[in-house]
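Worksheet for the structure shown next.
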Amino acid sequence: MEQQTAGSLVGPEFEIVIGLEVHVQLSTRSKLFTACATSFGEEPNHRVCVVSLGLPGSLPVLNREALHSSLKVALALNCKIGSFIKFDRKHYFYPDLPKGYQISQYDQPLAQHGWVEISAGEGRRRIGVTRVHMEEDAGKLVHSEKGKGSLVDYNRAGTPLIEIVSEPDMRSPEEAYAYLQALKSIVSYLNVSDCNMEEGSLRCDANISLRPRGSETLGTKTEIKNLNSFKGVRASLEYEAQRQAQALRSGQLIIQETLLWDADRNVTRTMRTKEEAHDYRYMPDPDLPPVILENSYIEETRQTLPELPYDRRERFVRDYQLNDYDAGVLTQERQLADYFEETVKIFAQPKKVCNWVSTEMLGLLNFKHLELSEFKVSPAQLGRLLQMWEDGSVNGKVAKEVYAQMVEKGGDPDRIVEEKGLSQVSDQSALEEAVAKAIEENPKAVEDFKSGNKKAAGFFVGQVMKMTQGRGNPQIITQILKNKLDG
Amino acid sequence: MPTFQSGLELRDALAKGDLRPTEVVEGVLARIQSVDSRVGAFLRVYADAARRRAAELESTGPKGLLWGVPVALKDNLCWEGNETTCASRILEGFRPPYSAFVVRRLLEEGAVLMGQTNMDEFAFGSSTETSALGSTANPWDLGAVPGGSSGGSAASVSEGAVPIALGSDTGGSIRQPASFCGVVGLKPTYGRVSRSGLIAFSSSMDQIGPFSRTVGDSALALQVIAGHDPADSTSVNQGVPDYLKALGQGVEGLRIGIPAEYFSEGLNPEVEARVRESLEQLRSLGAEIVEITLPHTRYAVSTYYLTAPAEASSNLARFDGVQYGLRVGQDGGPPKNLLDMYESTRAQGFGAEAKRRILLGTYALSTGYYDQYYLKAQKVRTLIRKDFEEAFKLCDCVATPTSPTVAFKFGERTKDPLSMYLSDVFTIPANLSGVPAISIPCGFDAQGLPVGLQLLAPAFGEEILFRVGDAYERSCEWSSKQPDLS
Chain A
4 MEQQTAGSLV GPEFEIVIGL EVHVQLSTRS KLFTACATSF GEEPNHRVCV
54 VSLGLPGSLP VLNREALHSS LKVALALNCK IGSFIKFDRK HYFYPDLPKG
104 YQISQYDQPL AQHGWVEISA GEGRRRIGVT RVHMEEDAGK LVHSEKGKGS
154 LVDYNRAGTP LIEIVSEPDM RSPEEAYAYL QALKSIVSYL NVSDCNMEEG
204 SLRCDANISL RPRGSETLGT KTEIKNLNSF KGVRASLEYE AQRQAQALRS
254 GQLIIQETLL WDADRNVTRT MRTKEEAHDY RYMPDPDLPP VILENSYIEE
304 TRQTLPELPY DRRERFVRDY QLNDYDAGVL TQERQLADYF EETVKIFAQP
354 KKVCNWVSTE MLGLLNFKHL ELSEFKVSPA QLGRLLQMWE DGSVNGKVAK
404 EVYAQMVEKG GDPDRIVEEK GLSQVSDQSA LEEAVAKAIE ENPKAVEDFK
454 SGNKKAAGFF VGQVMKMTQG RGNPQIITQI LKNKLDG
Chain B
360 MPTFQSGLEL RDALAKGDLR PTEVVEGVLA RIQSVDSRVG AFLRVYADAA
410 RRRAAELEST GPKGLLWGVP VALKDNLCWE GNETTCASRI LEGFRPPYSA
460 FVVRRLLEEG AVLMGQTNMD EFAFGSSTET SALGSTANPW DLGAVPGGSS
510 GGSAASVSEG AVPIALGSDT GGSIRQPASF CGVVGLKPTY GRVSRSGLIA
560 FSSSMDQIGP FSRTVGDSAL ALQVIAGHDP ADSTSVNQGV PDYLKALGQG
610 VEGLRIGIPA EYFSEGLNPE VEARVRESLE QLRSLGAEIV EITLPHTRYA
660 VSTYYLTAPA EASSNLARFD GVQYGLRVGQ DGGPPKNLLD MYESTRAQGF
710 GAEAKRRILL GTYALSTGYY DQYYLKAQKV RTLIRKDFEE AFKLCDCVAT
760 PTSPTVAFKF GERTKDPLSM YLSDVFTIPA NLSGVPAISI PCGFDAQGLP
810 VGLQLLAPAF GEEILFRVGD AYERSCEWSS KQPDLS
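Residue numbers (the working numbering), protein chains in the order written: chain A, 4 to 490; chain B, 360 to 845.
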């Protein structure tokens, strides 16, 4: 599957090599090096202080919560944690950068040598994580529409970020997409970030190069900057893979350059070439003493990690006898997996709960653009509804109808069924009467049924349902029909 | 107002009610009016604010270690609401919205802030000649420089305007001007005094410290400004001793180390003579003088002139015309575009020495040179620090000349940056290794210019400096000598 995708993009002679640099914005209460609050969508320059503005004389102080969150991410990505980490200054001039340098980590980052497991194409595999480091975000420029100038909003300046750099291990845009999904899933399990790509709390730069299939050396790469949607990551990589393949086939050289993805026109555009690349003049930040991470601290933090998506997926397969795909769908988001497990506690038929959650419920959530947290139906209520279906108090059709109302207005399934008079008619005599009536009115269908036509059976069930306003118990109806016509 | 020798005496007279804070302020303002037009120690004098402050203190009564004591600040210490410029055009009009930790401490202890003093632009220099805002003369010889970079603060104490002034010392910027101006200057241990609110030059070496006429006042001032500040990650969380207790203890039984490397070529013979006399004096007071060696001293200046400009080029990147201070285009008007703003603002805002250091530092940090220069310098720095660790196994403190020469004439070294850089040759090692050091007047040359004795102690050993300095000071009359500015 993966081979086919890649092959159809660039032809069988080339292999795609992709590495991703992902920035995750941490949702700590305060900024990375100061106590002023982080925020999204506040009035411009209302979440700033002398340190985040980089005013002369102001000094950074490391936020321990941010360190702790970053450490959790690094541990969850199976990284080796640095015992001695330091912060460095990365210099460049830009108006949204208050100090003329960004505090980041250069040669002694928080963590290195980790991996993430992905599922794409044929089965699962590991993508290497080169390093995880902490850094502060810059502010934001707001360009005036009339081109008269630019305004700077420093609210975001100093917000904690972690940068996760992958090995060039991905071999198709599909895999890059899956890697990004897996990262997002892990980080959101840890509850340390909103992971919202549109709001910029998850940002991605992608490096891509092509090489002759079978070659070990890397080709010249291009870097696609500031991708702000999952779709954009895949689409831009597909475009860039094809562009590079075409160029290579026609004997052109790939220029090492930084590209921007134009999502409106679905093309990449040159941002800057290597010749204009910065010399960041990294140096250790003398205002921030190195941090020594004690083993005990690392281990204590490891103990606080929740069960992570891949472990949970395996447990779901094992404990609930779900298939790998279903378990994957359910465990991608922590809240969804929690919801599933809560429901199973009420209604102990995991496969049925899984089917309902992954089709009915996810469908509705998507359709209504709802987050799970805004969802009105509790696991207990869903469990009860499934129980009612199971024991025959409602049929499948009614169950869906009741569910729609629970989603819309909230409420208890029992109450809704009672108020609307939807409980299933299982009363033998009432149903026998209705079946008799249906037989009487449709002699032609009786013939068909007797000659073994399955459709005719369905027809009778439909007729009876009509007479019972959809509340008839289909199993009982079928049984009565059989008795009457076969007997 | 009677002439008081020291801030301690002034403080006691105020506390007893023999003097009122408003009287003291009027005395200071009168002194500034009569002498500072010739010396030029102050960039800004806040007469009205100081009068209001004194009146306010008077109404609440004695409270705090410095109640009613007038103090001057170097122009690189942020003082909320008051223009703070580092004597640079690029910061003209900058009014910090917050005060430095040390400024808050001074105010908490009842000090009256009189104004801000001149300095070398961004503390780059050893003569205060690179100030973009005016010149400061040496009160002992108006044709000579006061030293630098805290020349204004040194001169403000030397001229008799204030008993205590704060400066900053990155490579000798407190001790060298103290030596030139015949006053006491202390560079505390790195991390002892918070740098929060000090506009940074070289963050790994900068340290705030006091100027005063006596060693006792230096102890008093450090008592006020030392202490842990959670807003500075390099500020040490360690209790502050009672420094005043170190006074009057004598030097009996103390071992003072004399490093051979500091008494070699380039040292002015008269300076050497005064320093050796002071060592004899200390011996006569009961100290033991021992020979020691600090073998890596000869690399100190080169190490410093790689490290300090590298950090400075980084720290000065924020002066770009975006948020505060100067913003101009090529023709002095509004910038045409972003690049014009950066280039013109920095070209017109920084003076020659600042540009020289930014270029040196940018070069030392650039790709391909980092390992060769900056990183190498950091390694040598470790060796210099280890020299001191070894030395302090053999002695309680180290004594050296503060500067190889007495104050030089205006313009004498401005055309030759290297000769200027060498005037810090004896003070730089303390900054590279973080240890505390003090400069104490130890006599005059034939021209009547002051000579300074430098004492260095192990990290957090300020008490030893005060003890030795105080004993020496009490045994001679240097601290009572004042320049004739009548």
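Backbone N, C-alpha and C fix where the C-beta goes; we use that ideal spot for every residue, glycine too.
Candidates the options: closest to residue i by CA position
{"i": "V430/B", "options": "R572/B, T487/B, A446/B and Q566/B", "result": "R572/B"}
{"i": "G452/B", "options": "E439/B, R463/B and V462/B", "result": "E439/B"}
{"i": "E18/A", "options": "D172/A, A266/A, N476/A and V195/A", "result": "D172/A"}
{"i": "T662/B", "options": "K695/B, A524/B, G770/B and G720/B", "result": "G720/B"}
{"i": "I617/B", "options": "F785/B, G727/B, G625/B and G376/B", "result": "F785/B"}
{"i": "S782/B", "options": "G811/B, T495/B and D746/B", "result": "G811/B"}
{"i": "S188/A", "options": "Q105/A, I442/A, S432/A and G331/A", "result": "G331/A"}
{"i": "H94/A", "options": "G710/B, S725/B and V794/B", "result": "S725/B"}
{"i": "D290/A", "options": "R715/B, D565/B and Q608/B", "result": "D565/B"}
{"i": "E821/B", "options": "L644/B, E624/B, S834/B and P795/B", "result": "P795/B"}
{"i": "T852/B", "options": "C835/B, V542/B, K738/B and L653/B", "result": "With chain B represented from 360 up to 845, any question about residue 852/B goes unanswered, as that position is not in the structure."}
{"i": "T225/A", "options": "W264/A, K440/A, I84/A and V190/A", "result": "W264/A"}
{"i": "D679/B", "options": "D528/B, D479/B, V630/B and Q707/B", "result": "Q707/B"}
{"i": "D601/B", "options": "L579/B, T761/B, V521/B and S418/B", "result": "L579/B"}
Strand pairing of residue i, partner residues [DSSP]
{"i": "A209/A", "result": "L23/A and I227/A"}
{"i": "H372/A", "result": "Answer is none; H372/A lacks a bridge partner."}
{"i": "F87/A", "result": "I295/A"}
{"i": "M137/A", "result": "I165/A"}
{"i": "Y104/A", "result": "H94/A"}
{"i": "H655/B", "result": "Note: H655/B sits in no beta bridge, so no partner."}
{"i": "L809/B", "result": "Strictly speaking, residue 809/B in this sequence is Pro, with Leu absent from that position. Beta-bridge pairing links P809/B to F803/B."}
{"i": "I130/A", "result": "V119/A"}
{"i": "T476/B", "result": "F401/B and K433/B"}
{"i": "V155/A", "result": "L144/A"}
{"i": "V471/B", "result": "P429/B"}
Interface flag, residue i vs chain A, CB-CB below 9 Å
{"i": "N441/B", "result": "no"}
{"i": "N435/B", "result": "yes"}
{"i": "S839/B", "result": "no"}
{"i": "E670/B", "result": "yes"}
{"i": "S490/B", "result": "no"}
{"i": "P455/B", "result": "yes"}
{"i": "S661/B", "result": "no"}
{"i": "Q682/B", "result": "yes"}
{"i": "A446/B", "result": "no"}
Cβ of residue i within 9 Å of any chain B Cβ
{"i": "R67/A", "result": "no"}
{"i": "V53/A", "result": "yes"}
{"i": "M137/A", "result": "no"}
{"i": "Q7/A", "result": "Because the pLDDT of Q7/A is 45, which lies under 50, any placement of that residue in the model is unreliable, and the question is left without a value."}
{"i": "G126/A", "result": "no"}
{"i": "H94/A", "result": "yes"}
{"i": "P15/A", "result": "no"}
{"i": "V64/A", "result": "yes"}
{"i": "K102/A", "result": "yes"}
{"i": "V504/A", "result": "A query on residue 504/A cannot be resolved here, the shown segment of chain A reaching from 4 to 490 and no further."}
Extent of the continuous beta strand (DSSP E) to which residue i belongs
{"i": "I449/B", "result": "Counting along the chain, I449/B falls outside any beta strand (DSSP E), and DSSP gives it neither H nor E."}
{"i": "Q247/A", "result": "Per DSSP, Q247/A belongs to no beta strand (DSSP E); it is in the alpha helix (DSSP H), F233 to R252."}
{"i": "G526/B", "result": "I523 to D528"}
Range of the contiguous alpha helix (DSSP H) that encloses residue i
{"i": "E71/A", "result": "The residue you asked about is not Glu; residue 71/A is His in the sequence shown. R67 to A79 is the span of the alpha helix (DSSP H), which, as asked, contains H71/A."}
{"i": "Q431/A", "result": "Q431 to E444"}
Contact set between the stretch 699-722 of chain B and chain A, restricted to residues whose Cβ is under 8 Å from the partner: Within the stretch 699-722 of chain B, the residues whose Cβ lies closer than 8 Å to some Cβ of chain A are Y701 and T721, listed in chain order.
Selection of the stretch 578-605 of chain B by Cβ proximity to chain A, strictly under 7 Å: Against chain A - using a Cβ distance shorter than 7 Å - the residues of the stretch 578-605 of chain B are P589, A590, D591, S592 and T593.
Chain A contacts from the stretch 500-534 of chain B (Cβ-Cβ distance under 7 Å): Correct list: empty, as no residue qualifies.
Interface positions of the stretch 548-567 of chain B facing chain A (Cβ-Cβ less than 8 Å), listed along the chain: Within the stretch 548-567 of chain B, the residues whose Cβ lies closer than 8 Å to any Cβ of chain A are, in chain order, R554, S555, G556, L557, I558, A559, S561, S562 and S563.
Residues of the stretch 731-742 of chain B with Cβ closer than 8 Å to any Cβ of chain D, in chain order: The chain labelled as chain D is not found among the protein chains of the depicted structure, namely A and B.
Residues of the stretch 265-289 of chain A with Cβ closer than 9 Å to any Cβ of chain B, in chain order: For the stretch 265-289 of chain A, which is checked against every Cβ of chain B, the residues closer than 9 Å are D282, Y283, R284, Y285, M286, P287, D288 and P289.
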